[in-house]
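First up is the structure itself, then whatever we jot down about it.
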Amino acid sequence: NFLGQKTFELFLKINGFAGTFLIGAAVSTLISGASFTVDANHFMHWQNPLRGLEALLDPFNWLLGLALIFLVRILAALYFINNIDEAHIRERARKSIVKNAVPFLLFFLAFVGWLLLRGGAAYDPQTMVVSMEPYKYLHNLLAMPAVLVMFALAVLLVLAALFGSVVRKDTRCIWTGGIGTVLVGTALFLLLGLNHTAFYPSLADLQSSLTIQNASGSRYTLTVMSYVSLMVPFVLAYIAYAWYSMDRVKLTQNEIEAPDAHNY
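Per this note's numbering, residue 5 is the first one in the sequence shown, and the count goes up by one each step.
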């Protein structure tokens, strides 16, 4: 790295904080909406010169972004506890979990409250007319028991990971926390797109809001994608095996500092 180690570490921090925050803010626009229109040829046109970046001016879009920052720090600490066999590193990681758990829970609960108490864009499946419905996402959660159970289970898994790691000193809570995080994300996207919900509301023209029906590809594209998706379990199995192979031997300080070791 010709810019030096400190510059490299600075860019890593920028990517870690800004990248994670922007992902959360972008996902939040699926709830708060964006200023765009869709023409007869299905081309989208921005109606704001900031072209979507105005979403950062909405403080509610910050909630998920900030929650994600603290969540990924917690997951990183859980990973270190599971994969580094050094007592002092594990203790520092547990202290990091405690420091990040409180702001994570505050921002996450604020985000969930904002989500369930606000209105959402619903569409009539017969006429495809889009209209605003009060408490739309709360109605979705109650109308889809499977998603409600998934969301509740996911939250319990994340809380169990925090409790197990900090209080019970369990070293394997990355699995509980990781699975819970995946389930929370899955439940969130199901809430935003199913039950006749516009998953990307338009603030400029409500009828331009994107739904599963009007934003899906052609039948040919969807057919090809359905066949390709059959490969997903094999890809996931390969990823799981690769990570298992890398992590089955715990790292130690001696291994990291040894001159003849494979240092990263």
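From the three backbone atoms N, C-alpha and C, an ideal C-beta is built for every residue, glycine too.
Item	Value
Starting from S135, follow its DSSP beta bridges and name the residues at the other end.	A126
Grab the span of the alpha helix (DSSP H) containing M235 for me, first residue to last.	Looking at the DSSP string, M235 is not in any alpha helix (DSSP H), and its letter there is neither H nor E.
Alpha carbons only, please: which of L195, L34, P107, H46 is nearest the one belonging to Y204?	L34
Okay, do the region 35 to 42 and the region 116 to 129 touch, 3+ Cβ pairs below 8 Å being the bar?	yes
The alpha helix (DSSP H) that contains Y180, what's its start and end?	Note that residue 180 corresponds to Thr in the displayed sequence, not to Tyr. Start and end: 177 to 197.
Starting from the N-terminal side, write out each stretch of the beta strand (DSSP E) that is 3 residues or longer and does not extend beyond the region 19 to 48.	40 to 42
Cα-Cα, which of V133, R55, A30 is closest to P63?	A30
State buried or exposed for N45, treating a residue as buried only when at least 16 other CB atoms are found within 10 Å of its CB.	exposed
Kindly indicate which residue of L163, Y127, A81, R176 has the alpha-carbon position closest to the one of F112.	L163
Are the region 86 to 101 and the region 240 to 259 touching by the rule of at least three beta carbon pairs closer than 8 Å?	yes
Pick out whichever of D209, L214, L187, L210 has its Cα sitting closest to the Cα of G197.	L214
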